[in-house]
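Engineer: Numbering (the working numbering), first residue to last: 1257 to 1589.
We put the beta carbon where it would ideally sit given N, CA and C, even for glycine.
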């Protein structure tokens, strides 16, 4: 072999070897969660109209199964120091003979906000059947998040009102959502390891599960993440929803720290965790059918809170605060 060819062969071997070593040393990559592309009813809420010191909150138009179009909430004549808006889209779903609403909320105000959404559900006669309220503490600017409104019943139409206030670290409750005055939402990243998968129990019952990972830039403060997960099939229909599949009934009653909620610790030994969401019983008619490829499912995660774990433990153990105060989700009727 000629000298220059021998050198090229050695260089090629060295490149392949280094590539293999790099692949072995590389951490498993995370992937962004899925998106719902056919959301409708886009609403723009001017921050000046929904601030807590404003004269009133802004409301959306009634939402049905048809797109509600785009409506921009008119601004008031009052002078506000804030500018920008919240942009909200929504979609109505039917699952297990009940309905729920999926909202996507983008904070384009330039401020971290405590955001409250009050949803009203109506039957076909136009009568109110339930009112539900969710508050997201410290919804960071420039961020979009899903909200799931699950009234545990069928409904025909849905409306909502929105109010907001600037997030400030002033109380023990606020300190759960910040660290030394810096908001946790600016410092915590949530990611998903590719590969939703089917697991099984001792009876070989298929269990749809997923792995979740999250990382923070301040490891001296452990964090917990709370939320709900939704899986859509290839047609965009609901395949699994943890509220309906695991946490049957009133959402408030299921706010218990029992390890089943998606939350991660900063310890590298807990870099990810497997979470079951749906059991497919052998007695179920769908068990005999081919189960869908887990990788074909779209994964939506509606984050409800990111909190500082030490403060969470401190303030909940001595009953200073409760889960309902921390993540308010109330059925008002």
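(1) Using a Cβ-Cβ cutoff of less than 7 angstroms, which residues in the same chain neighbour residue 1571 once the five nearest sequence positions on both sides are dropped?
(2) With a cut-off of 8 angstroms, do at least 3 Cβ pairs link the stretch 1404-1422 to the stretch 1340-1354?
(3) Does the Cβ of residue 1559 have 16 or more other Cβ atoms within 10 Å, making it buried, or fewer, making it exposed?
(4) Measuring CA to CA, which of 1549, 1425 and 1445 is closest to residue 1436?
(5) Could you tell me which of 1399, 1378, 1459 and 1349 sits nearest to residue 1365, measuring between CA atoms?
(6) Where does residue 1423 fall in DSSP's three states?
(7) When you compare only the Cα positions, how much space is there between residue 1546 and residue 1490?
(8) Locate the alpha helix (DSSP H) running through residue 1431, then write down its first and last residues.
(9) Thinking residue 1439 and residue 1394 are a contact (beta carbons under 8 angstroms), I'd like their distance in whole angstroms, please.
(10) If you draw a straight line from the C-alpha of residue 1389 to the C-alpha of residue 1358, how long is it?
(11) Using 9 angstroms as the threshold, is the C-beta distance between residue 1481 and residue 1532 below it?
(12) Over what stretch of residues does the beta strand (DSSP E) that includes residue 1357 continue unbroken?
(13) Going by CA-CA distance only, name the one from 1339, 1412 and 1298 that's closest to residue 1380.
(14) So, at 8 angstroms on beta carbons, what are the nonlocal neighbours of residue 1536 in its own chain, with the 5 sequence-adjacent residues on each side left out?
Structural biologist: Judging by the given coordinates:
(1) 1428, 1432 and 1577
(2) yes
(3) buried
(4) It is 1425.
(5) 1399
(6) The answer is coil: DSSP assigns residue 1423 none of H, G, I, E or B.
(7) 14 angstroms
(8) In the DSSP annotation of this structure, the continuous segment of the alpha helix (DSSP H) that includes residue 1431 starts and ends at 1428-1431.
(9) 5 angstroms
(10) 14 angstroms
(11) no
(12) 1354-1364
(13) 1412
(14) 1461, 1462, 1463, 1464, 1542, 1543 and 1547
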